[in-house]
Amino acid sequence: MAFGMQTPHAEHVRGKWGWFLTLGILMLVFGIVAFLNLFLATVASVFYIGAMMFAGGAFQLVHAFQVKGWSEAIYWGLSGLLYTIAGILAFWNPALTAVILTLFMAVALVIAGAVRTWVGFRMRPMRGSGWVIFGGIVTIIAGVIIAIGWPVNSLWILGLFLAVDLTLQGWAMIAVAMAARG
């Protein structure tokens, strides 16, 4: 039991299978809607990220005044100010923010893929290491493809990731509901 959380038992899920099904259907519908308008889904993603950054920045600014010692307050305040400005930028210019986030995502995918590939090679000859290597290579390729299409793909790539995530989560919840019901 990690962090005081209990593992769900099948009987708990079975009693709530209708909620899982409803959530799955809603997420699936939202995913399909996102697929139908990737630009709007990208803007929604940017606004969500912007709201989280603005809120996080505001809390860090408040925290800066609570920290003991002047040097720490300056660093917390600067961090909070930068986060707040980034959040405002997301609402002020969502297209520019999407361009920046898309480039960041491409770089992050390439780095993450390289690390996964390296870890996979370090795991050899352990069974399953090939899958880790394969996953790392696929992640690198995804990052390179996004980088090659940048900045033009910035208008839809974040929306595509949101649409895929909503769709997969929807199907997963539906599968859990069906398994719990049966």
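At position 72 of the sequence shown the residue is numbered 56 (this note's numbering), and the sequence of numbers has no breaks. Where is the CB? At the ideal position from N, CA and C, for every residue including glycine.
Starting from residue i, follow the alpha helix (DSSP H) in both directions and report where the run begins and ends.
{"i": "glycine 8", "result": "1 to 20"}
{"i": "arginine 108", "result": "It is not in any alpha helix (DSSP H) - arginine 108 carries neither H nor E in the DSSP assignment."}
{"i": "tryptophan 155", "result": "141 to 165"}
{"i": "serine 113", "result": "113 to 133"}
May I ask you to report which of helix, strand or coil DSSP gives residue i?
{"i": "glutamine 177", "result": "Only positions -15 to 166 of the chain appear in this structure, which leaves residue 177 out of reach."}
{"i": "asparagine 77", "result": "coil"}
{"i": "methionine -15", "result": "Here the model assigns methionine -15 a pLDDT of 47, short of 50, so the residue's position is not dependable and the matter cannot be decided."}
{"i": "valine -3", "result": "helix"}
Residues in its own chain within less than 7 Å of residue i by CB, not counting five upstream and five downstream?
{"i": "glutamine 44", "result": "Trp60, Ser63, Gly64 and Tyr67"}
{"i": "phenylalanine 38", "result": "Thr68, Gly71 and Ile72"}
{"i": "glycine 97", "result": "Gly120, Ile121, Thr123, Ile124 and Gly127"}
{"i": "leucine 152", "result": "none"}
By Cβ distance below 8 Å, which residues in the same chain neighbour residue i in space, the five residues on each side in sequence not counted?
{"i": "asparagine 21", "result": "Gly143"}
{"i": "tryptophan 76", "result": "none"}
{"i": "asparagine 137", "result": "Thr86 and Ile130"}
{"i": "valine 103", "result": "Val116 and Gly120"}
Among residues of its own chain, excluding the 5 on either side of residue i, which ones have a beta-carbon nearer than 6 Å to its beta-carbon?
{"i": "valine 160", "result": "Phe4"}
{"i": "phenylalanine 19", "result": "Ala147"}
{"i": "arginine 165", "result": "Trp1"}
Relative to the alpha-carbon of residue i, which residue among the options has its alpha-carbon at the smallest distance?
{"i": "leucine 24", "options": "Leu7, Gln50, His47 and Ala79", "result": "Ala79"}
{"i": "serine 29", "options": "Phe14, Ile16 and Ala82", "result": "Ala82"}
{"i": "proline 135", "options": "Tyr32, Gly41 and Ala90", "result": "Ala90"}
{"i": "valine 17", "options": "Gly154, Ala163 and Ser55", "result": "Gly154"}
{"i": "phenylalanine 88", "options": "Ile141, Gly15 and Tyr32", "result": "Ile141"}
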